[in-house]
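There are 2 protein chains.
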Amino acid sequence: MGVTIKDVAKAAGVSYSTVSKALRDSPLVKQPTKERILAIAHQLGYQPNAAARSLVSKRSYTIGVVWPTIERAAHSAMITSLNKQLEKLSYTTLISINEMEFAINIFNRYQVDAILAFDDGHDQNTVQSSVPVVTYGLANGAITTPTVDANRRQAIKSAVEYLASIGHQKICYIGDLTQKDRLQEEKVAGFKQAIEELGLENIPMQVIEVSDLEQYDGFEAAKKLLAQETRPTAIISGTHDLTRGIIRSIHEAGLSVPDDFSVISYDNIPQSENFEVALTTVGVPLEKITEKLSEILMDVIDEKEVEHAIFLEPELRISESSRPL
Amino acid sequence: MGVTIKDVAKAAGVSYSTVSKALRDSPLVKQPTKERILAIAHQLGYQPNAAARSLVSKRSYTIGVVWPTIERAAHSAMITSLNKQLEKLSYTTLISINEMEFAINIFNRYQVDAILAFDDGHDQNTVQSSVPVVTYGLANGAITTPTVDANRRQAIKSAVEYLASIGHQKICYIGDLTQKDRLQEEKVAGFKQAIEELGLENIPMQVIEVSDLEQYDGFEAAKKLLAQETRPTAIISGTHDLTRGIIRSIHEAGLSVPDDFSVISYDNIPQSENFEVALTTVGVPLEKITEKLSEILMDVIDEKEVEHAIFLEPELRISESSRPL
DNA sequence: TATAATAATAACAACGTTGTTATTAACAAG
DNA sequence: CTTGTTAATAACAACGTTGTTATTATTATA
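So, in C-alpha cells, the structure goes:
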C-alpha cells in the first residue's frame, strides 16, 4: 500500500540503500543523485515507515504523554506548550488518555523514547516500564521515577507572607480540601503552615471547601464568605477558575477588588487580558514547567543521571487584584 | 533493553517461533507448553514490540486521532467516549494535537490502521494519506474522505419548530455568527431558515452574536437581551457553556426559566445533574456519534465501501427549561 | 514391529529501514 | 598504461515479530 524506499529506488534506478542515505542527507551520496532521489520520493508521496525505522535504530523521536484525566481541562494548556517545546527538539508528542498502567504499556510497545505521566494526585501504582518514565505531579517519598513538581506548598506560603507584609491580617483560603487530591492538599497545607508561622489571626471560615474546582464553586464559596460577619481582607484562591467565580461574587455584592478585598490566585497560566481585574498570582509559570519537563525527558533519554524529586520554585506576580491594606 | 520474544524463548528452552505462537494463543502449541511460556513471558515483563509486529503484520490495531484544538475542551468528552468504544473492539487510541497535515503524516509513519480527524470548521487542506482518514465535522461539497456530521442545521430547526408548536412566537438565538467557524454557521442558518419557513415574527436582536463560546459570553449576551424593550419568550443557545451563562443571567435579573423564558440548548453531552434547571436540549447524543464513528472507522479499515457524507439526525430531549407559552 | 498419519516444535523468509562492509567507477601518480 | 587511492554506489546483515514450510516426536494402524 504505502510507498517504500524500494519503490523510490526502483523509480530512481539506484539501490535502496542509496535512497536511505539520500533521504537522511548522508555525505556518502553525491549531491545531484541526492536531489534526484529526494524529488522522486516527494513526488511519489513517500513517508518513512516509523515501525521499520524504530525497529532498527531503536529511536522513535517520540514522547508518549499519559493523560488519563482529559476531561479536567487543567493540563491542556500545558500539553500544548510541551508539544511546542518538544517540536523544537524535533520530537513528536503522542497522547493516550487511557488509565496509567495501560497507557504505559501501549507506549512501551510503540517504543516511544520516553513517557511523561501526569500524576493527577491519585494513587500511582508503580508500573513496570522499559521506557523511562517522567512524572509531573506530586514528588512524595515513595517515588520511583523522576518527578517534576511545582512547589505548591511554598507557593501558597509566599502568597500569605506577601499579604501579611503589606498589612493583611485576616486572610482566607478557598480551595479543595478533600483528601482525594494530593495536589490540592499541598496548597492547603502551605496556607495553614504560613498562618501559624506568622502568628496570623484565626478568623471564622478561614478555609472554605469547594466540591469542585469550577468557576461556579468559587462563586458559591465567596457568597458564603461574604455573608459572614467577620470578613477577611484578603482571599487566596486555589485555582484560576475558582478565582473568576470569587471575583464575580464580590462584584455582584457591590464590592471591589482590590479596594475591599485583595485576591491572589494560584495559577500557572499566563494572565488572560480580557479579565475584569488583572490578577496577582502565585505559581510556576507554564513555560518554566514545560521547559524543565522537556529538559528532563531529554536527559532520561540520554541516560543521564537525573534527580528524582525536582521542585520548581513558584513566582509571585503582583498585579492589580492585591494592594496594601 | 526490552525483553524480546527470543529472551523468553531462551528462558523457556523453546524456539522463538513457538513463543510467538504461544503468545498469540495459536492451536499449534500444546497447552502445557503454552502456559509455561506465558508464565515466563509475564514473569520477565515481556511487552510485544509494536514496531516489529506492525511491520510484518501490517496491522497496528491503533486509531490515530487528530485533535489540533485541544484547548477548546469541546471534544474531550467525545474522545473519552470514542476511546471506550474502540477499546471494546480491541483498538487503541493515540492522539496528536499537532496541526492536521503534520499529525496525519505522523500517523502515516506510525502505520495506524485509520485516522480520525476533527474538522474544527476551519480550512481543511486535503492531505495525502495512505492510511484511511475519517473526518468528524462539516460534510460539505468538496469532501474527499468519509465525513460524519451532526445535522446541526436540522437540530436548530427542530428546536424552533418545537417552540413554535407550543406557542412561542418571539424566539431568539444566541451563538457564534462569525464566518470563521462553519460548524457554528450551520446552526445560525438553521435558525434563520426555520424562522422564515414558519413565518415567525421578526424581533429586535433576534440573533445575538458572541465573541467566544464560553459561559461568560452567554452571560453578557443575555444581559444585553434582557435590557431590550421587546423581549423574546424563548431562547435557543448554540452551546452548553453559553447556555449556562444565559441561565445565570436570567436568574440574576430575578427572572425564571421556564416561567419567563423557555431555553433550549444545542448539546450532545449528557445532561449534568447538578445544573440549576434540567435543560431541554437538541443535538446528536454523544454515544450515537462515537458509535457511528467507530463503525465507520472499522469499515474503512476493512476496505468496505463507505458513504462520504454521513449525517446524524439530532434528537430533541424535552426537559424543565422549556414549556408551552 | 514397521509404517503411515498426525501432533508438536523448529527453522526460515519476510516486513522496511539503517549502518557496515563490499564492490565498482573515477581519477591521480608513477 | 598500470597501479594506488578515493569517491560513489551496491550488497548485505540486523532489528523483533508473524506466517509458512521443514523437521522431529508421538501415536494409530496394519
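Residue numbers (full-length UniProt numbering), protein chains in the order written: chain D, 1 to 325; chain Y, 1 to 325.
Even glycine gets a Cβ: it sits at the ideal position worked out from N, Cα and C.
With a threshold of 9 Å between beta carbons, is residue i in contact with chain Y?
i	result
residue 330 of chain D	There is simply no residue 330 of chain D to check, as chain D begins at 1 and stops at 325 in what is shown.
D/I97	yes
D/R109	yes
D/G218	no
D/V263	no
D/E87	yes
D/I247	no
D/Q215	yes
D/G45	yes
D/P204	no
D/N83	yes
D/S60	yes
D/T252	The amino acid at residue 252 of chain D is misidentified as Thr; the sequence shows Glu. Yes, D/E252 lies at the interface with chain Y (some Cβ there is under 9 Å from its Cβ).
D/V3	yes
Which residue marks the beginning of the alpha helix (DSSP H) containing residue i, and which one marks its end?
i	result
Y/A52	A50 to S57
D/L86	S76 to K88
Y/I247	H240 to E252
D/S17	Y16 to L23
D/V8	I5 to A12
D/A103	M100 to R109
D/E320	Neither: D/E320 is in no alpha helix (DSSP H) and is coded neither H nor E.
D/A39	Q31 to L44
D/T290	L286 to I301
D/I63	D/I63 -> not in any alpha helix (DSSP H); beta strand (DSSP E) instead, spanning T62 to V66.
Check whether chain D comes within 9 Å of residue i, counting only Cβ atoms and requiring the distance to be less than that.
i	result
Y/S130	yes
Y/A52	yes
Y/L55	yes
Y/N105	yes
Y/E287	no
Y/T80	yes
Y/N49	yes
Can the beta-carbon of residue i be found less than 9 Å from the beta-carbon of residue j?
i	j	result
Y/T280	Y/L316	yes
D/N83	Y/I97	yes
Y/T4	Y/Y46	yes
D/E102	D/L94	The sequence given here places Phe at residue 102 of chain D; Glu does not occur at that position. Taking 9 Å as the Cβ cut-off, D/F102 and D/L94 do not qualify as a contacting pair.
Y/I247	Y/V277	yes
D/L86	D/S294	yes
Y/V14	Y/L44	no
Y/R109	D/R53	yes
Y/K30	Y/V19	no
D/D181	D/T147	no
D/I310	D/K288	no
Which residue from the options puts its Cα closest to that of residue i?
i	options	result
D/G2	D/L28, D/A41 and D/V29	D/A41
D/R323	D/H168, D/A39 and D/K223	D/H168
D/P68	D/G283, D/R244 and D/S76	D/S76
Y/K58	Y/D302, Y/A309 and Y/H308	Y/D302
Y/E186	Y/E197, Y/K157 and Y/L198	Y/K157
D/Q128	D/D25, D/T145, D/Y136 and D/A309	D/T145
D/I171	D/T62, D/I195, D/L183 and D/Q184	D/I195
D/Y136	D/I318, D/K223, D/V284 and D/N49	D/V284
D/K223	D/L28, D/L255 and D/L200	D/L255
D/T239	D/P258, D/Y216 and D/E305	D/Y216
D/P314	D/T33, D/L89 and D/L286	D/L286
Starting from residue i, follow the beta strand (DSSP E) in both directions and report where the run begins and ends.
i	result
Y/Y136	V133 to Y136
Y/D149	T147 to A150
Y/L116	A114 to F118
D/L225	Taken as a continuous stretch (DSSP letters only), D/L225 belongs to no beta strand (DSSP E), being part of the alpha helix (DSSP H) at Q215 to A227.
Y/V207	V207 to E209
D/A234	A234 to S237
D/A309	A309 to L312
Y/V282	T280 to G283
residue 344 of chain Y	Residue numbering for chain Y in the displayed model covers 1 to 325; residue 344 of chain Y lies beyond these limits and cannot be assessed.
Are the stretch 162–177 of chain Y and the stretch 127–136 of chain Y touching, with three or more C-beta to C-beta distances below 8 Å? The stretch 162–177 of chain Y, when compared against the stretch 127–136 of chain Y, does not touch it at the 8 Å Cβ threshold.
Are the stretch 297–306 of chain Y and the stretch 111–120 of chain Y touching by the rule of at least three beta carbon pairs closer than 8 Å? Cβ pair count under 8 Å is three or more, so yes.
With three or more C-beta pairs closer than 8 Å as the rule, is the stretch 205–213 of chain Y touching the stretch 174–192 of chain Y? yes
Evaluate the contact criterion for the stretch 144–157 of chain D versus the stretch 176–191 of chain D: three or more CB pairs, one atom per stretch, below 8 Å. yes
Take every Cβ of the stretch 256–263 of chain Y, pair it with every Cβ of the stretch 231–239 of chain Y, and state whether three or more of those distances are shorter than 8 Å. yes
Counting beta carbon pairs with one atom in the stretch 195–205 of chain Y and one in the stretch 221–233 of chain Y, are three or more of them shorter than 8 Å? The stretch 221–233 of chain Y vs the stretch 195–205 of chain Y: in contact.
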